[in-house]
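Using UniProt numbering, read the sequence shown as starting at 1 and increasing by one per residue.
We put the beta carbon where it would ideally sit given N, CA and C, even for glycine.
All values reported here derive from a predicted model rather than from experimental measurement.
Notes follow the structure.
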Amino acid sequence: MQNQDNNYAIGFSYINGVGRVRLNLLDNYFGNLENAWHAGKEALISAGLDNTLAENIVAHRPKIDLSKTLETLKRHDIQTYAHTDKDYPASLRQIHDYPPLIFVKGQLLPADELCLGIVGTRQPTVYGKLVTEELAESLARAGLTIVSGLARGIDTVAHTAALKAGGRSIAVFGCGLDIIYPSENHSLARQIAENGALISEHPPGIRPRPEFFPRRNRILSGLCRGILVTEAGENSGAVITANYALEQNREIFAVPGSILSPSSLGTNRLIQEGAKLVSSVKDVLEELNISLFSEENTTVEIIPENQTESLILGKLGYEPVHIDQICRECALGVALVSGTLAIMELKGQVRSTGGMNYVRTREKKEIYQLEMN
């Protein structure tokens with residue numbers, strides 16, 4: 001495919017059934033996609049398309065306004081890359097069903113070849129949120145680009161944590177890039193585009209549909225060196241992503257969870273079937289054979305400054321505890337406990353998990369950084 005044919009590849013991307021194989025077929029037969037775009041039904045059949053698809057192309061072509069689409073792309077600052085373009089991700093080109101054309105908002109850098117997908121349930125537990133945040137932050141600080149799908153739940157936590165750590169993130173859409181889904185992630189999508197990229201195989205105006213998301217996941221895993229599932233139920237879409245990663249010869253990682261939690265059935269099964277069990281960032285880096293990292297352990301000492309803080313810390317662990325329970329077990333008033341917790345949260349000793357529940361922060365974190373030669 002020639003670069004000037006990208007505009008017509010955009011047009012064909014609106015038509016169901018015209019993927020990479022058929023697009024190459026048309027390109028080879030007609031010499032370029034411009035000729036293919038203007039070809040009649042009989043010519044399309046002669047090129048190797050079946051009657052139904054040829055009729056579908058001829059019927060839908062008049063409804064596609066390429067000029068308007070190009071204006072939309074320009075207005076939203078969206079670039080297009082054909083699979084033959086040098087800026088098309090090399091890792092994505094390695095999978096057998098790579099998209100012939102991708103739409104990108106933001107910037108893809110050479111460093112993004114070193115990336116990891118983090119996926120999971122849309123309804124995570126507090127445990128799932130905490131482990132996702134910690135792992136995504138540490139991996140982003142280590143220099144990995146964090147890739148996910150911008151969905152509610154684990155995806156949102158992973159993107160947010162990567163950006164918070166000053167790292168890069170990539171979001172893979174199951175719709176056109178001019179449509180942010182879910183809508184509450186508008187701000188997050190903007191931040192990702194400024195510190196990474198938004199990617200889709202769908203042109204502008206294509207709204208999300210259930211059947212798009214499983215196919216979207218092959219792109220997500222295809223971009224990555226591996227996929228980390230931090231929390232997922234038995235039938236979670238994250239498990240579908242892991243299956244794509246397996247087919248693409250990517251590494252699969254999973255965080256173990258409680259055998260009593262439905263939200264961990266998927267991750268526990270992945271581990272049972274051979275996924276690498278992850279309990280720290282080191283597990284991921286070692287499995288990926290990343291040797292350009294130095295390890296630094298930083299200890300954040302949590303030292304109570306008074307008896308009230310000491311009492312409260314004694315009642316907190318890494319599972320959420322409601323403020324009412326803290327008051328009862330410490331025999332302290334709500335006002336005193338609430339005020340003390342607010343101060344302790346500012347000092348980084350505890351954190352709120354929502355709903356007036358609190359956990360203590362981890363005292364020790366491993367930090368991995370690229371060795372600069």
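Endpoints, the alpha helix (DSSP H) within which residue i is located
i, result
"tyrosine 127", "126-141"
"leucine 346", "334-346"
"leucine 285", "281-287"
"arginine 328", "323-330"
"arginine 22", "20-30"
"tyrosine 8", "6-13"
N-terminal and C-terminal residue of the beta strand (DSSP E) that residue i is part of
i, result
"serine 352", "350-354"
"leucine 198", "196-200"
"alanine 232", "Segment: none, alanine 232 is in no beta strand (DSSP E) and carries neither H nor E."
Alpha-carbon spacing of residue i relative to residue j, whole angstroms
i, j, result
"aspartate 97", "asparagine 195", "28 Å"
"serine 294", "arginine 215", "In this prediction, serine 294 scores a pLDDT of 48, lower than 50, which makes its location untrustworthy; no coordinate-derived value is stated."
"leucine 135", "glutamate 309", "28 Å"
"serine 263", "serine 236", "9 Å"
"leucine 101", "glutamate 305", "59 Å"
"alanine 43", "proline 62", "17 Å"
"valine 281", "isoleucine 146", "13 Å"
"glycine 333", "leucine 346", "20 Å"
"residue 380", "threonine 72", "Residue 380 falls outside the range modelled here, since the chain spans only 1 to 373, and no answer is possible."
"threonine 299", "arginine 362", "Its pLDDT being 48, under 50, threonine 299 is placed unreliably by the model, and the measurement read from it follows with that caveat. Those two C-alpha atoms are separated by around 9 Å."
"arginine 122", "glycine 233", "10 Å"
"alanine 335", "glycine 317", "21 Å"
"arginine 20", "proline 99", "6 Å"
"alanine 39", "asparagine 56", "13 Å"
"glutamine 349", "alanine 142", "24 Å"
"glycine 355", "isoleucine 227", "31 Å"
Proximity to residue i [Cα-Cα], best of the options
i, options, result
"isoleucine 154", "Lys164, Glu55, Val119 and Ser138", "Val119"
"threonine 353", "Gln307, Phe103, Glu133 and Lys105", "Glu133"
"alanine 111", "Ile192, Arg168 and Arg207", "Arg168"
"glutamate 211", "Gly31, Lys129 and Ile240", "Ile240"
"leucine 311", "Val284, Cys330 and Lys129", "Cys330"
"glutamate 267", "Gly274, Val255, Ala193 and Val278", "Checking the sequence, you will find threonine at residue 267 rather than glutamate. The option with the nearest alpha carbon to threonine 267 is Val255."
"threonine 156", "Leu144, Ser183, Ile179 and Arg93", "Ser183"
"arginine 225", "Glu251, Ala238 and Asn217", "Glu251"
"tyrosine 181", "Ala151, Glu319, Ile326 and Ala162", "Ala151"
| Within the segment 72-123, ranges of the beta strand (DSSP E) (whole runs, at least 3 residues) | 78-82, 101-106 and 115-120
| Length-filtered (4 minimum) alpha helix (DSSP H) runs lying within the segment 204-230 | 212-222
| Given 8 Å, three or more beta-carbon pairs between the segment 1-20 and the segment 63-71 | yes
| task | Spell out a yes or no on whether the segment 165-184 and the segment 195-204 are touching, meaning 3 or more CB-CB pairs, one atom from each, closer than 8 Å. | result | yes
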